[in-house]
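Numbering (the UniProt record's numbering), first residue to last: 1 to 719. Beta carbons: idealized from backbone N, C-alpha and C, even for Gly. What you are looking at is a predicted structure, and each value in this text was computed from that prediction instead of being measured. Step one of this worksheet: look at the structure below.
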Amino acid sequence: MDVEAGLATDRAKGNSVESLDQKINGVFAGSVVRKDLVKTVKGNAIVPSYVLEYLLGQYCATDDEATIQGGIGSVRRILADHYVHRNESELVRSTIRERGRHKVIDKISVTLNDKDDVYEASFSNLKLSKVLVDAGTVKQHPKLLVSGVWCLADVEYEHSPDKGQSPWILASLKPIQLSSFDLDAYLSNRAEFTTSDWIDLLIQSIGFNPEMFDRRAKLIQLIRLIPYCERNFNLVELGPKGTGKSHIYSEFSPHGMLISGGEITVPKLFVNNANGRLGLVGYWDAVAFDEFAGKTKKSDKALVDIMKNYMANKTFSRGVETLGAEASMVFVGNTQHTVPHMLKHSDLFDELPPSYHDAAFLDRLHHYIPGWEVDIIRGEMFSDGYGFVVDYIAEILKSQRVHDYSDRYTEFFSLSTDISTRDRDGIHKTFSGLMKILYPHGVASVDEIEEILRLAIEGRKRIKDQILRIDKTMSAVKFGYETLDGEWRGVATAEELQYPSIYNRMGGVPVSDGGNTQQGALGTDNGGSPSTSLTPSEQEAVSGGSRPSSQPLGQTLTFQNGETGASYERIFGPYLDGATSVILEDPYLRTPHQMRNLVDFIATWARRIQPGDEVKLFVKTVQDDDPGYAQRQLGDLVQIKGSVEAAGIKMDVQLLEPAELHDRWVRTDTGWDISLGRGLDMFERSEKLLYLGQSLQEFRKVKSFNVIYQRSSQQAAAT
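Here it is in structure tokens:
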């Protein structure tokens with residue numbers, strides 16, 4: 001009976017995604033769209049997702065498959081007839097001339113021609129400039145004056161004998177964004193969902209499959225939305241490449257602007273003193289700096305100084321006049337090293353340009369998203385479920401900027417009195433933003449409030465702890481809170497719990513943790529690095545009692561069919577000690593079980609790498625000759641490469657032709673050449689999932705194979 005109940009539970013889980021999609025469509029009919037449709041209709045049109053979803057929302061906001069397919073056809077026709085491809089600009093211009101008038105979808109920006117006292121529009125893809133536009137249109141859509149807006153526009157052609165007059169006229173335009181929405185309905189509909197389902201709906205709205213993320217990973221994704229719903233929120237995210245850091249600010253909302261960190265100037269960002277025109281902060285809700293990291297990048301000191309003042313006071317100066325703005329500032333960039341390496345040798349802001357690697361600037365940041373916790377984006381992570389039409393949720397978030405939810409925790413908790421005003425502001429803004437995103441209707445349990453409060457504190461603590469490494473004059477802070485009955489609950493960052501030996505040290509000098517209890521960021525305990533279970537002989541080898549370097553050259557291990565007792569730890573472990581570079585040559589790394597072998601081999605090495613150290617692994621293998629399998633093989637290798645970076649392993653893969661690679665070797669920079677008769681694929685395959693050999697290699701049966709160890713005497717002596 002218990003087994004049957006368990007199977008029933010599994011079936012219920014399998015239907016949960018479908019039932020959630022049905023509920024989403026029922027409650028938010030007309031405001032949601034199936035997220036995989038964007039890829040279906042996009043083709044080679046280089047337009048933001050919110051433009052496509054605006055169109056899909058007009059024709060495909062339903063769960064009726066026939067209607068969806070008809071809507072896809074309509075959207076495709078609109079794109080085919082009106083979207084301007086750069087290489088077809090001349091054809092479209094000719095069409096406008098012949099017809100006299102034609103609708104186009106393009107990014108339009110406007111400048112003032114003060115010589116002739118007229119506004120002139122420029123079309124990005126159509127390659128038109130000096131197109132006359134009336135002042136009323138500019139006044140109605142001021143963002144046209146700053147970086148441009150995607151629009152559906154009517155363009156007219158009327159030739160004039162006056163050579164100084166442009167024949168192109170912008171007759172009308174409609175920004176591709178929502179014209180109206182019902183906020184009260186949104187808030188009341190929120191109450192129809194559990195918190196877990198609501199989070200999944202938001203994750204699907206971003207475009208991801210919620211089943212691919214745990215609770216903490218989902219919340220980290222949603223923190224990226226806070227700049228859209230919280231005024232003057234200063235956010236930083238540094239982490240590996242390919243984790244989608246910039247997507248939210250380039251594709252998710254028409255109210256966000258993504259710019260390259262090296263391309264911004266004071267006039268463009270704040271105000272142009274020559275003509276008095278406001279910069280980006282005056283028109284956009286979120287201004288994000290892409291590729292912000294880079295130690296060699298140059299930065300304008302004047303820009304940094306103005307930015308510091310704006311981030312602290314929400315104001316900036318224009319001559320003798322002081323102006324204010326509400327734009328949130330977001331800084332995203334790639335890290336080059338692992339978290340333990342940065343903690344051991346520098347700090348978690350190590351990749352920033354020198355002008356920004358400054359305690360005064362960093363102290364103005366409200367939250368640090370740990371980008372190293374975000375998975376590298378893979379194809380299976382995208383959702384085919386229903387989520388909010390991007391423009392709809394973008395307008396909802398924008399409408400929430402006028403509200404303040406920062407005190408909603410005070411009914412149950414109080415922050416430590418040790419926390420400064422600036423630290424408190426950072427915590428409050430993150431908490432307020434998460435409340436607006438997760439609980440806009442104002443209803444949340446004590447546990448739910450505590451969950452996001454801890455996350456808000458953790459993000460600010462991550463900043464402050466790194467500032468302590470940069471500026472030794474600053475005092476450590478006791479980050480945490482008390483319950484109403486006086487119970488103290490400290491907060492630690494995830495990396496503080498994972499790497500305690502190096503987190504609170506800098507140059508060998510301990511850094512005070514301010515009395516924090518070692519409790520996880522979301523209230524769970526977490527240990528240090530995983531321990532390794534070794535046999536006594538293996539422990540002796542690892543500890544140096546029986547070093548491989550003392551063994552005779554040409555030693556051979558022989559295994560027969562059906563034997564047990566072999567393991568990667570026994571075969572490779574001691575020979576990987578001290579290696580900083582390893583070459584693995586194996587032509588058979590293709591199937592899922594062979595990829596699992598590769599992961600197990602890397603894990604054997606990872607256990608022996610000290611926190612903060614970085615090593616290199618070069619994998620040489622043969623590409624599968626079947627195109628379909630080759631694509632999967634490449635995807636698996638990319639996924640493994642991304643996952644092992646957290647262990648300090650930089651992995652490079654070289655795919656060779658079969659004639660180029662026959663032998664199977666492991667070579668280390670400590671001089672060991674290990675010849676493998678069968679490569680890593682030495683174990684008999686078993687379809688049994690529930691047997692000990694799946695977890696412990698020593699209990700798996702092997703195929704017959706030999707392992708030959710060779711090492712130069714010179715290298716052995718050097719070691």
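In this structure, what does DSSP give as the bridge partners for residue i?
i	result
residue 414	482
residue 198	None; residue 198 has no bridge partner.
residue 581	616
residue 315	324
residue 605	Paired residues: none, contrary to the question.
residue 181	According to DSSP, which records beta bridges pairwise, residue 181 is partnered with nothing at all.
residue 290	260
residue 773	Nothing in the structure corresponds to residue 773, since the chain is present only between 1 and 719.
residue 622	656
residue 555	709
Does the Cβ of residue i have 16 or more other Cβ atoms within 10 Å, making it buried, or fewer, making it exposed?
i	result
residue 86	exposed
residue 233	buried
residue 699	exposed
residue 709	buried
residue 717	Interpretation of residue 717 is limited by its pLDDT of 45, a score under 50 that renders its predicted location unreliable; no figure is taken from the coordinates.
residue 207	buried
residue 99	exposed
residue 722	Because the chain in this structure spans residues 1 to 719, residue 722 falls outside the shown range and cannot be described.
residue 142	exposed
residue 446	exposed
residue 302	exposed
residue 488	exposed
residue 185	exposed
residue 238	buried
residue 544	Only weak support is given to the placement of residue 544: the predicted model assigns it a pLDDT of 36, under 50, and the value that follows is read from those uncertain coordinates. Exposed, by the Cβ-count rule.
residue 52	buried
residue 8	Any reading at residue 8 must be qualified, since the residue scores a pLDDT of 44, below 50, and its modelled position is unreliable; the value itself is stated next. So residue 8 ends up on the exposed side.
residue 210	buried
residue 371	buried
Under 8 Å Cβ to Cβ from residue i, same chain only, skipping five residues before and after it: list those, please.
i	result
residue 359	467, 470, 471, 474
residue 609	615, 647, 648, 649
residue 441	187, 188, 190, 191
residue 221	203, 206, 208, 213, 374
residue 217	373, 374, 375
residue 19	none
Less than 6 Å between C-beta atoms, sequence neighbours within five positions excluded: which residues of the same chain meet that for residue i?
i	result
residue 54	176, 391
residue 418	477, 478
residue 236	331, 365, 368
residue 279	268, 269, 270, 271
residue 571	707
residue 295	none
residue 667	583, 673
residue 256	249, 286
residue 172	154
Throw me the rounded Cβ distance for the residue i and residue j pair, which I believe falls under 8 Å.
i	j	result
residue 327	residue 288	In fact, because the Cβ distance is near 10 Å, the residues do not count as touching under 8 Å.
residue 435	residue 457	Not a contact, Cβ separation roughly 14 Å.
residue 230	residue 260	Actually they are not in contact, since the Cβ atoms of residue 230 and residue 260 sit about 24 Å apart, beyond 8 Å.
residue 670	residue 578	5 Å
residue 619	residue 653	5 Å
residue 299	residue 249	The pair is not a contact, with the Cβ atoms about 20 Å apart (cut-off 8 Å).
residue 71	residue 83	At roughly 17 Å, the Cβ-Cβ gap does not stay under 8 Å, so residue 71 and residue 83 are not in contact.
residue 361	residue 308	6 Å
residue 241	residue 334	5 Å
Between which residues of its own chain and residue i is the CB-CB distance below 7 Å, once the five residues before and five after are set aside?
i	result
residue 593	685
residue 507	Caution applies to residue 507, whose pLDDT of 41 falls short of 50 and renders its modelled position unreliable; the value that the coordinates give is listed next. Hits under 7 Å: none found.
residue 340	499, 502, 611, 612, 648
residue 174	151, 152
residue 27	189, 192
residue 306	266, 270, 316
residue 567	697, 698
residue 363	422, 467
*Taking the runs of the beta strand (DSSP E) that are 3 residues or longer, which of them lie wholly in the region 382-416?*
386-388, 413-415
_Segments of 4+ residues assigned as alpha helix (DSSP H) that fall wholly inside the region 61-125_ = 65-82, 89-99
*Taking only runs of the beta strand (DSSP E) that begin and end inside the region 322-373, which ones reach a length of at least 3 residues, in chain order?*
328-334, 367-370
_beta strand (DSSP E) runs contained entirely in the region 624-657, provided each spans 3 or more residues_ = 649-656
*Scan the region 680-716 and note each continuous beta strand (DSSP E) run of 3 residues or more that stays entirely inside, going in chain order.*
705-711
*Secondary structure, alpha helix (DSSP H): runs of 4+ residues fully inside the region 232-270*: 247-250, 266-269
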